[in-house]
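Remarks on the structure that follows.
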Amino acid sequence: MSADYQVQGDVAVITLNNPPVNGLGLATRLAFVDGLQKAMSDSQVKAVVVTGAGKAFSGGADIKEFGSPKATQEPNLLSLIAALDNAPKPVVAAIHSVAMGGGLELALGCHYRVAAPGCSVALPEVKIGLIPGAGGTQRLPRVLGVEVALNMIVSGEAIPSEKLASLPGQKLFDVMAASAQSLLDEAIAFARKVSDVRPLPRVRDLPCKHPLGDAYFQFARNMVKGMSKNFPASAQCVDAVEAATKKKFDEGMVFERERFINLMFTPECRALRHLFVAQRAASKIADVPDTTPSRNIAQVAIIGAGTMGGGIAMNFLNAGIPVKILEMKQDALDRGLATLRKNYEAQVGKGKLKSDVYQQRMSLLSTTLSYDDIAQADLVIEAVFEEIGVKEAVFKKLDQVMKPGAILASNTSTLDVNQIAGFTNRPQDVVGMHFFSPANVMKLLEVVRGVHTAKDVMATVMSVAKKIKKTAVVSGVCDGFIGNRMIEQYSRQAGFLLEEGCTPSQVDRAIEKFGFAMGPFRMGDLAGNDIGWAIRKRRYVEKPHLRYSKTADLLCEMGRYGQKTGAGWYDYHAGKRDAMPSKLVEDMIVKHRADLGISARKISDEEIVQRLVFSLVNEAAHILEEGIAAKASDIDVVYITGYGFPIHRGGPMLYADQFGLFNVVQAMNRFARNPHDDAQFWQPAPLLARCVAEGQTFNNVK
Ligand code: NAD
């Protein structure tokens with residue numbers, strides 16, 4: 242049973258009860274209809290209150306049913322709401338905490354709504370590539386006015402109930418309860434009060450107009466167009482709300498339904514739904530159940546106040562967790578602190594951060610040059626130079642001074658976390674926390690699990706990640722972990738493309754048109770080409786068999802490290818980020834090509850995109866097979882949140898699944914025949930070959 246039924250005197254109370262957020266799954270819908278029928282046929286009952294158990298009224302559709310036949314099986318949400326429309330007795334929604342998506346649509350189907358303060362109200366369907374599909378676009382404008390409703394529907398953002406209740410003329414809430422605690426009693430009392438009111442008020446019968454009519458919708462369409470280039474749902478939100486103002490209610494409902502169903506089958510919607518589920522799945526570790534105890538993290542220490550250390554510190558300060566930064570020298574600390582302050586002050590300057598909040602955050606920060614001062618920290622994150630000798634010295638020291646049970650994390654991008662753990666006598670407490678730059682902005686956190694990392698350390702770090710608002714994905718130990726190991730292949734392909742005839746801007750343009758936030762060369766200029774140079778010096782000494790294009794090394798030898806030196810793959814005007822094609826670089830590429838004896842050929846955008854994206858995919862298949870990533874969807878989360886992969890394509894693995902793995906392998910076979918490429922690399926990873934042979938996809942392979 243996932244809705245409870247109870248009668249209190251002459252009022253029936255139906256309580257949605259499907260933890261964690263009373264998702265409207267099939268069992269809940271059946272129980273709701275059953276309760277409603279009981280209430281309607283019981284002559285003692287004069288009115289009904291619908292409420293939710295636990296921490297929500299209802300969060301909407303049950304994500305466990307996503308994509309399964311149960312999601313649409315009768316009674317579906319539309320039938321539930323139709324039953325409310327036809328109910329002969331008043332039904333009052335008692336809303337606390339969360340009313341989202343289908344949950345809000347259900348409430349809008351009730352005759353009255355009583356809400357508690359502090360409740361999050363939203364129609365977030367647009368975030369998964371849909372428009373509301375159970376009357377949200379037709380009913381919300383009738384109770385909140387067209388503009389407020391359309392803003393909510395197009396943004397998908399939650400608005401606090403008290404803010405909505407204060408809007409002049411709103412009809413969303415009939416009563417605001419004094420508190421969540423008194424909500425049910427107040428709703429029952431209200432139901433009693435209105436039990437004799439006839440005819441019953443229905444949202445569907447309210448008028449719906451915008452005073453400016455077509456002009457308003459034209460304006461709204463223009464606004465939405467700029468915001469949502471790859472997402473058709475946003476524009477359709479406008480169409481559906483416009484339909485509410487122009488069509489009869491039932492016709493508007495049909496219009497909304499048709500649009501909803503068409504959107505459901507678009508690749509963009511599939512990608513967004515995939516990511517919605519993938520992000521939640523990424524936080525679960527198969528052998529670390531939710532019940533695993535976690536360690537208390539009340540104080541954090543960070544070693545190194547460089548680019549990463551300062552950014553990492555900001556995450557914890559923002560979450561109200563005290564941080565102590567340790568450096569070798571006072572001037573390094575001063576520099577680090579000045580950068581951190583500058584970052585915060587820029588936010589204050591833009592009005593994004595209140596100055597008292599900034600002061601409060603800074604008051605949680607302290608610095609030191611002595612390890613004795615950090616001994617009591619619960620979590621220490623090392624962000625010193627990427628050299629194993631330096632890491633060794635730091636971890637040996639940490640092992641000596643840190644209190645027992647402290648978690649020792651490394652932010653290394655490429656080094657072996659098991660080796661680092663081996664520098665201590667407590668490898669169970671060592672873990673990788675790989676933040677991305679800028680660490681205070683980028684959402685991704687790769688949590689690198691060493692062979693000895695304890696389960697409670699994993700549980701703790703995953704929960705810390707949530708607190709500091711990061712999307713954590715677990716990676717096993719290997720060179721580059723999930724993200725950088727894949728990007729190495731992508732960078733190699735980008736280099737080969739230059740050797741074979743492309744210019745940097747041609748490659749960047751093609752992949753940016755595909756939807757990447759930034760092509761590989763603009764990205765290199767932003768991050769600093771010298772970083773990759775240092776990594777290559779180490780990596781290709783260790784792997785001399787791996788061929789790569791030397792163009793990037795030649796660029797660095799010219800001193801063109803990127804934006805920080807005012808020149809990289811592109812030229813820049815002083816202090817600007819305006820990447821302009823560089824004659825010098827193009828000449829260098831032409832000369833290098835000639836040295837290699839390669840004649841330039843014209844390369845299509847399609848080939849550029851496929852070589853870059855499928856190089857990610859083939860490496861990812863190895864990563865998945867080796868268990869470095871636990872599931873294909875984790876890899877998609879890494880690429881979307883950390884590497885600017887186009888969201889509307891759902892990540893490299895979903896993209897490959899949708900492209901067809903057979904087609905991917907066909908393309909790879911073509912690339913393998915190119916004498917200037919790396920034929921060995923393009924051999925399909927065993928997992929990819931198996932998926933093709935068995936007709937499987939990455940996302941369903943066992
Ligand atoms: P950085 O050079 O900007 O900063 C390193 C800081 O560590 C310097 O301030 C230095 O004074 C300090 N330091 C060096 N040795 C120390 C020691 N023994 N004790 C205390 N402090 C010491 O480097 P960064 O870019 O911040 O990188 C730090 C780590 O983060 C590296 O492991 C790097 O691979 C990793 N990382 C970097 C990026 C990035 O984009 N920069 C991204 C992810 C991870």
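To convert, note that position 288 of the sequence shown is 529 in this note's numbering; the numbers rise steadily by one, no gaps.
Even for Gly, the Cβ is constructed at its ideal location relative to N, Cα and C.
Quick caveat: nothing in here was measured; it's all calculated off a predicted structure.
Bridge partners of Met464 according to DSSP: none are assigned. Residue environment analysis places Pro448 among the exposed positions, since fewer than 16 neighbouring C-beta atoms fall within 10 angstroms of its C-beta. When Gly891, Glu403, Phe922, Glu866 are compared, the shortest CA-CA separation from Val878 is found for Gly891. Going by DSSP, Ser651 is part of the beta strand (DSSP E) stretching over 648-651. Here His889 is buried: its Cβ has 16 or more other Cβ atoms, across all protein chains shown, within 10 Å. At least one heavy atom of the ligand NAD sits closer than 7 Å to the Cβ of Val625. For Ile723, the enclosing alpha helix (DSSP H) has its first and last residue at 722-741.
Of the candidates Glu627, Met699, Glu568, Glu568 places its Cα closest to the Cα of Thr609. Between Gln617 and Gln540, the beta carbon gap of about 7 Å places them in contact (Cβ cut-off 8 Å). Put simply, of Gln907, Ala908, Asp875 the residue whose alpha carbon is nearest the alpha carbon of Pro893 is Asp875.
At a threshold of 7 Å, Ala546 counts as near the ligand NAD, since its beta carbon sits closer than that to one of the ligand's heavy atoms. Relative to the ligand NAD, the beta carbon of Val635 is positioned inside 7 Å of a heavy atom. Between the C-alpha atoms of Gly359 and Gly370 there is a straight-line separation of about 27 Å. In the DSSP assignment, the residues bridged to Val671 are Leu649. Under the DSSP assignment, Gln249 falls in the beta strand (DSSP E) whose first and last residues are 244-249. In the structure shown, Ile526 adopts extended strand secondary structure according to DSSP, grouped into three states. Given a length threshold of 4 residues, each whole run of the alpha helix (DSSP H) inside the stretch 381-414 is given here in chain order: 387-396, 402-406. When DSSP states are grouped into helix, strand and coil, Thr256 belongs to the strand group.
Contact between the stretch 810-821 and the stretch 763-780 is established, with three or more Cβ pairs separated by less than 8 Å. DSSP, read as helix, strand or coil, puts Gly803 in strand. C-alpha of Arg582 to C-alpha of Met603: approximately 8 Å in a straight line. For the pair of segments examined, the stretch 547-567 was found not to touch the stretch 523-533: the number of CB pairs separated by less than 8 Å stays below three. With contacts defined as CB atoms closer than 8 Å, Ala662 and Val688 fail to qualify as a contacting pair. Taken in chain order, the whole beta strand (DSSP E) runs of length 3 or more contained in the stretch 554-636 are 564-567, 606-609, 620-623. Contact check between the stretch 827-836 and the stretch 719-737: fewer than three CB pairs, one atom from each, fall below 8 Å, which does not count as touching. A direct Cα-Cα distance of roughly 52 Å separates Ala624 from Arg498. Residue burial annotation: Thr653 is buried, with at least 16 other C-beta atoms found within 10 angstroms of its C-beta. Between Val438 and Pro331, the gap from beta carbon to beta carbon is short of 8 Å. In the three-state reduction of the DSSP assignment, Gly293 falls in the strand class, which pools E and B. Annotation: Arg801 to Glu783 spans about 25 Å, alpha carbon to alpha carbon. Following the DSSP letters along the chain, one finds Val362 inside the beta strand (DSSP E) bounded by residues 361-363. The beta carbon of Asn681 sits closer than 7 Å to the beta carbons of Gly552, Met555, Asn556, Asn584 from its chain, once the five residues preceding and following it are set aside; these are given in chain order.
If the five residues before and after Glu867 are omitted, its C-beta is found closer than 8 Å to the C-beta atoms of Gly717, Cys719, all from its own chain and listed in chain order. Going by DSSP, Arg931 is part of the alpha helix (DSSP H) stretching over 927-935.
The alpha-carbon of Lys638 is positioned some 8 Å away from that of Tyr612. With a cutoff of 7 Å, Val631 counts as near the ligand NAD, since its C-beta is closer than that to a heavy atom of the ligand.
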